[in-house]
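Here's the structure we're looking at; comments come further down.
Numbering (mature numbering (1 follows the signal peptide of the UniProt record, and there is no 0)), first residue to last: -31 to -1, 1 to 136.
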């Protein structure tokens, strides 16, 4: 008698091309089911209106019960109030909610020692030996240098620190 054959054969994609195809199709279907969803908004707040999130550049809308995220153009921010709903230019925003006076630092004095805001809320300037670098905060964070707070903070906290309730 020869060696005993195992009762169950181990399925591997290389030995079974049909299994490989099935797993590939499963992956495609799973990733397609994620299209249109976001980490911030998982359920439709309104079926026929747009609404904002904590990041004042982003807004959301629903199509057939699915949430979609979009972002205002550069230097525009999302506002939804009694008189307006949409992306407004920075010049029309509450000054607490934007950095209208941000300029690239000269890397002298205090600007050489600590990061400085840019006109983009989720970025900041940092002086290095190689000159000024414009860096980004992590995902879902904005930069602040105000009232003793310095650094990148989650949008919710940033809004509170900046007294920015528009949106």
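Built from N, CA and C at the ideal position, the CB exists for glycine as well. Bear in mind the structure is a predicted one, so any value in this text is a computation, not a measurement.
{"query": "Excluding the five sequence neighbours on either side, which residues of its own chain have a C-beta within less than 8 Å of the C-beta of residue 39, listed in chain order?", "result": "27, 28, 29 and 30"}
{"query": "Which residue marks the beginning of the beta strand (DSSP E) containing residue 181, and which one marks its end?", "result": "The displayed coordinates of the chain run from -31 to 136. Any statement about residue 181 would go beyond what the structure contains."}
{"query": "What three-state label does DSSP hand residue 31 in the structure shown?", "result": "strand"}
{"query": "For residue 65, which of 103, 102, 16 and 88 has the nearest alpha-carbon?", "result": "88"}
{"query": "Should residue 94 go down as buried or exposed, given a rule of 16 or more other Cβ atoms within 10 Å for buried?", "result": "buried"}
{"query": "Return the Cβ separation of residue 92 and residue 105 in integer angstroms, given the expectation that the two are a contact with Cβ distance under 8 Å.", "result": "5 Å"}
{"query": "Can you check whether the CB of residue 54 is closer than 8 Å to the CB of residue 18?", "result": "yes"}
{"query": "In this structure, does DSSP put residue 129 in helix, strand or coil?", "result": "helix"}
{"query": "Measuring only the C-alpha atoms, how far is residue 118 from residue 124?", "result": "14 Å"}
{"query": "Excluding the five sequence neighbours on either side, which residues of its own chain have a C-beta within less than 6 Å of the C-beta of residue 68, listed in chain order?", "result": "86 and 88"}
{"query": "Which first and last residues belong to the beta strand (DSSP E) in which residue 81 is found?", "result": "Counting along the chain, residue 81 falls outside any beta strand (DSSP E), though it belongs to the alpha helix (DSSP H) covering 79 to 82."}
{"query": "Suppose you measure from the CA of residue 20 to the CA of residue 98; what does that come to, to the nearest Å?", "result": "43 Å"}
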